[in-house]
Structure formats: C-alpha cells, structure tokens
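Chemist: Sharing a structure with you now.
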Amino acid sequence: MHVYALWVEFLFFLTRRHLYCHSSLSVVLSELMSVLFFHAMRYKADDPRNQCNDRFVLSKGHAAPVLYAAWAEAGFVKESELVNLRKIDSDLEGHPTPKLAFVDVATGSLGQGLGAACGMAYTGKYFDKSSYRVYCMLGDGECSEGSVWEAMAFGSHYQLDNLVAILDVNRLGQSEPAPLKHDMEIYRKRCEAFGWNTYVVDGHDVEELCKAFWQAQQVKGKPTCIVAKTFKGRGLKGIEDLENWHGKPIPKDRVDEILKDLQSQIQVPNKTLCPDLPNEDTAPADLSPISLPSPPEYKKGDKMATRQAYGVALKKLGQASQRVVALDGDTKNSTFSETFKKAFPDRYIECFIAEQNMVGVAIGCASRDRTVAFASAFAAFFSRAYDQIRMGAISQTNVNLVGSHCGVSIGEDGPSQMALEDLAMFRAIPTCTVFYPSDAVSTERAVELSSNTKGICFIRTSRPATAVIYSPDEKFEVGVAKVVRQSDDDQVTVIGAGVTLHEALAAADTLAAKGKNIRVIDPFTIKPLDAATILASARATRGQIITVEDHYKEGGLGEAVLSAVGSEPGIVVTRLAVAGVPRSGKPQELLDIFGISAKYIAEAVTQTFAN
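If you read the sequence shown in the working numbering, its first letter stands for residue 519, the second for the next number, and so on.
Encoded structure:
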C-alpha cells in the first residue's frame, strides 16, 4: 500500500496547484497497481526495457500519474520529478509515451492497449519462447470499443496464457456511467464467452488481488481477465462513486481535510517495496541490418504484380533473419503473404478480419525490437485501423504495413475494395516512410529497405501484373527517385508510380513516335519525395510537370509534388487523378474513364505543348 501513500502525497501536491485533474481516476487504481507492481510482476526496476522483464500496458492511459507513482516507488523515477507532470520540459506527459523507458506503447486513445499486449504476449510465447508475462490495465468505459473484443478473440484463439488483462470496473465514464455499471456477472460472462479464464474480485481488497494474480500464473492454455469492482474516487469523502468528477481537481478548501483522512488509513507507510526479478531466459534483441540473401531474379520485360513480388521478397527476408515475422487479415492469398507463411509457418500470425487488432498486435510484436513485423491487407482496409497507426507513430514503433489492391486498376471488385485515400492517410503520419514500387525489382528493394528503416513504413502494392523495368542490380534508396525515360529535348516531366508509371511509359512511346519527347520519373518513395530530382527535371523541361496517380487527387502523389516545388517560380504542375467515387469495370476501362491511362497522359502532354 506504499504506492497508495506515495500517490496520495503526489495527488494532493498537484491538486493544491491545480496541475492535475484526474485525481479520482488514479486513486481507484492504487491497490491494483500496488499489488501488480510489487507482488505479481517480475522486472528489473533499474532497467525497465530489459528483455526479460514482465511487460505492462496501461490501456487507460489517462491514469498515467498512478503509473508514474509506481515507478517512483520502484526507484526509477525520482519523486521530485513527479511534480513536473504535464510540464513542457518533462517526459511525464498527460498520457504515457515511450519517451519513458518503462512505456512500450503510447496509450490514451482508448481501446488499443490490449491489442498491443496481445502482440507482446504472442511474441513472448511463440517467438521468444520466454517466461516473461504481459499485463494490461483496461477501463470499463473503453470496453465499448470493438477493438477490445477483437483483441479478446485473438488472445483466446492463440491460447496466450502469459497474458493477464485487468479490467477496472469503476462504473463511471467521463460524462455518465458506463453501459454495464457494476454488473459484474455480465462482465464475467462476456470475458468467459470470449474464451478467457476470468476472476471477479474486489479491486480494493489487497489479499483478494494477490490471490487472483497468483491463480492467473497457474492457468495454462488461455489468457486471464481479472475483473475488478472498484469505486472511482475511493476514499475521497464527497467524491467517491459520484458522477461529474472526471477531469476535475479537488477543491482547494477540501484538500487538507481529505488528505488527513486518507493518511490515517495508510498502514506501514514507510515500508520499502522491491519487485521480484525476472528469469534470465530472453536473449537480447539482434539489431543487425537485414539484407536480401540474393538479388531479385527477374529479367526486364517479365511481368509480375508488385503484390506477388512482395511475397517473394518477404520470404527471402525471412531466410535472412529469424526476427522477420508476418501478419495478415485473412487476405494472404491476395497480398501474397502466404508465400512467407508456407516457408515459415511458425513466424506467421493470422489475425483474421480484424485490421485494428492486427495493427495493434504488429506494434506489440515490434516493441523492444523483438521482431521486424510486416502486416499486410488490402490497403483500403488500413483506414479502419488509422487510429492504431496514428498511435503507432506516437509509440515510435518500427512496423511495416503493406497495402495491396490500390486504386481503380483493381477492376471489377469495385470501389469498396479500391484504396484511393491511402497515400493521403500515410503521408500524414509524421514518422511514416511511404514506398510505392512500380515493378518486381523495386518491390523487393522496398521490402528490404523498410526492414531497416526507423518508424512506420507503408508499401503500396498493385494488383495488375506489370513489366519489370529495372535490372536486378539496380540500387534503390529511400528518398531517391529514378528517371526512367529521358532525352536531351524532353518538353514535359511526367511523374507516375505503380500502374500509372507504366501508363506514362506507354504514353512516352506514343508521343516519341510523333516526335515529342517527355521525361518520366518513378518517385519510388512518395515520402520522403526526391524534390531535387523532380526540380532538376522540371527545369530541364520548361517548368512543366504532369503527375498521374491511381489515387484521389487529395493528399496523393500530385499534392506531394506540389509541396516539393511550390516555392519554385516558373513551375506548372498538372495533376491527373481519380475524381469521384469509381465503379466496377475492367482495369483499362477504369483507367480511361478517370483519365489516368496512357491515352489521357498523352493528351495532357499535347495540351501542354499547345499552351
């Protein structure tokens, strides 16, 4: 209970200064956190990122101060630093982030912690084969998020008996009571229905909590959920279990009275608490660079879809490093991640049709550099997981997301399957590198580069088979474009990527037959974009640029190019992109209808000449 004592002092110091307003929320977790950190968990308090340590994810990230108080009690955070909570020069932020060594994933966008915890637990059980356990603290309010139940289904399906979820059922949400209030039996039945071993406990009874955590360690073959009945504002007279105290500081004129009352309840306030040490059974992470064991095995003119080349590259990367793992959302026969699965079934995770959880699991797998994770799906469906991706950036995660079936060129499947917003989506992520390979050779190199690139990587692959345009020994770099067609008298620079690069090359052939030459650029990465090459080409072609993309105009290749050249005088950018919601049809029909085929590129070039 010393964490409780420390938290009380911490709480009221901040309250006196109106620095912190989630007081009732963090008090509710005092017993749970005390038992968890100084009875159940095994870790080296002076080395929070040690690979052998048990993991803890605070899914209800707004309770961050009680987490900071626990680490202060453990000796890692100086007690004097606690008073800097939420200040601009302190890493003790309002919601926890990995700027702190004891935080693996950022939380605060509710409903996401358990997915990441599942990834950590899966890695511990099946990849590391180690004894460390994973604990995740959730709130009852966030259980209205479907992503929580995606994670619950995943955890039981893969028998993650090294995973414990602690559900704080304090009844009260931010603005009104949570749907189930204190109906503990419904919580029990729901958790059990999802295949979890479940204990319902009094969240303020230390002995009962100690027993539940011990029992959870004995369970084999399924994860455990400890459903704890608690009261928000526990021990705060006139506040406990009352609505409308979320986010509010305790009135200054009541601080001393409440503090005195709480301090009188603390037994053995000066007792020193030390966590048990972990088993030394986990190897340090291998951080050596990963390279393809052999160059791409294609000849110029061969035809292969970039989505298929992704599968080939991933398999080769798996041969090069045991750290490489793959995840998919029941699209492996379309994304070609099945190529990896057939070669390395023990390093493939099927996440089924639950993209939010898939991204969360991938982030968890990649934490502490335990794996190099590639998660694939139709690119359109990553939009469902955008919040997980956004939080992944805040988490400083190194995870690789591969989206296939991009644009109208997928054809007959229709608009629900066509990714037309994905470039805009991933370009907006601050830590994201966006690869857009245009043939099989560049796809293999994109996969290789992404495995060694910090931050989130997105690789956009295409459904149609396209010709190989690069030799196997072609060198690729992040942020370096390729000029794939040029002459001394080029009049216009055309920039295409993926399918539209091939349309641009076809247009170049048509125009060359008429005595008109254009320069064609393959950007390779849309972010970062090779502004220097684009600007040099634009200056060599009378300042004329045409971008063509199988994507909506908003946020895609054209806007990336505009951002790169916008401050340069005398440059005109004409953008060809998909306008409006598309429909089913043959790929070539759709490219024509939306004006991004070779025919319409040639027309745009001709119009540029006319102007």
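Glycine included, every Cβ here is placed at the ideal spot set by N, Cα and C.
1. Would you identify the three-state DSSP class for Q906, choosing helix, strand or coil?
2. Taking the CB atoms as reference points, tell me whether S894 and V920 lie closer together than 8 Å.
3. Does DSSP classify Q914 as helix, strand or coil?
4. Suppose you measure from the CA of P955 to the CA of F994; what does that come to, to the nearest Å?
5. Considering only their Cβ atoms, is the gap separating V965 from F1112 smaller than 8 Å?
6. Going by the DSSP bridge assignment, what does F556 pair with across the sheet?
7. Just tell me which of I1013, I974 and I1119 has its CA closest to the CA of T1028.
8. Do you know whose CA, among G579, T1059 and H722, lies nearest C654's CA?
9. Check whether the Cβ atoms of L1019 and V996 sit closer than 8 Å, and answer yes or no.
10. Quick check on the DSSP output: what are the complete beta strand (DSSP E) runs of length 3 or more inside the region 842-868, in order along the chain?
11. When you compare the CB positions of G882 and A635, do they come within less than 8 Å of one another, or not?
12. Quick check on DSSP: helix, strand or coil for K834?
13. What first and last residue would you give for the alpha helix (DSSP H) that runs through L795?
14. Can you give me the C-alpha to C-alpha distance between R772 and D779, rounded to a whole angstrom?
15. So L618 packs on L656, CB below 8 Å; how close in whole Å?
16. Are the CB atoms of I987 and K817 nearer to each other than 8 Å?
17. Which of the three DSSP states is assigned to P814 in this structure?
18. At which residues does the beta strand (DSSP E) containing T1011 begin and terminate?
19. Could you tell me how far apart the beta carbons of D1040 and V1002 are, in whole angstroms, since I believe they sit closer than 8 Å?
20. Between A1078 and chain D, is there a C-beta pair that is closer than 8 Å?
21. Are there three or more Cβ pairs, one per stretch, closer than 8 Å when the region 829-838 is compared with the region 1004-1011?
22. Would you mind stating whether G633 and N875 have Cβ atoms separated by less than 8 Å?
23. To the nearest angstrom, report how far apart I784 and K729 are at their CA atoms.
24. By DSSP's criteria, D720 is part of a beta bridge. Which residues make up the other side?
25. Going by CA-CA distance only, name the one from E591, L678 and S627 that's closest to S662.
26. Just verifying my parser: in three-state terms, what is the DSSP assignment at L685?
27. Let's test the definition: count the other Cβ atoms within 10 Å of the Cβ of G673 and tell me whether it reaches 16, buried, or not, exposed.
28. Determine the DSSP secondary structure at H536, reduced to helix, strand or coil.
29. Beta-carbon separation of V890 and V842 under 8 Å?
30. Below 8 Å on the Cβ atoms is my contact criterion, and I expect H722 with E549 to pass it. Report the Cβ-Cβ distance as a whole number of Å.
31. Where does L1109 sit, in a helix, a strand or coil, going by DSSP?
32. Given a threshold of 16 other Cβ atoms within 10 Å of its Cβ, counted over all protein chains shown, does V652 qualify as buried or as exposed?
33. Would you be able to state if there are at least three C-beta pairs under 8 Å between the region 905-913 and the region 1073-1084?
34. Helix, strand or coil: which one does DSSP assign to M638?
35. Pull up the DSSP beta-bridge partners for T1065, would you.
36. Beta-carbon within less than 8 Å of I808's beta-carbon, same chain only, minus the 5 sequence neighbours each way: which residues are those?
Modeler: To lay it out plainly:
1. helix
2. yes
3. coil
4. 10 Å
5. no
6. The partner list for F556 (beta bridge, DSSP) is empty, contrary to what the question assumes.
7. I1119
8. G579
9. no
10. 842-846 and 866-868
11. yes
12. helix
13. L795 -> no alpha helix (DSSP H), and no H or E assigned at all.
14. Whole-angstrom Cα-Cα distance: 11 Å.
15. L618 to L656, Cβ: 20 Å. No contact.
16. No.
17. coil
18. V1010 to G1014
19. Right, their Cβ atoms sit about 5 Å apart.
20. Looking at the structure shown, chain D is missing, and only one protein chain is on hand.
21. no
22. yes
23. 21 Å
24. K747
25. S627
26. strand
27. buried
28. Any reading at H536 must be qualified, since the residue scores a pLDDT of 47, below 50, and its modelled position is unreliable; the value itself is stated next. Reduced to three states, the DSSP call for H536 is coil.
29. yes
30. About 5 Å separates the CB atoms of H722 and E549; that is less than 8 Å, so the two are in contact.
31. helix
32. buried
33. no
34. helix
35. I1013 and R1093
36. L835, A838, S839, R841, V842, V890, E966, S969 and N970
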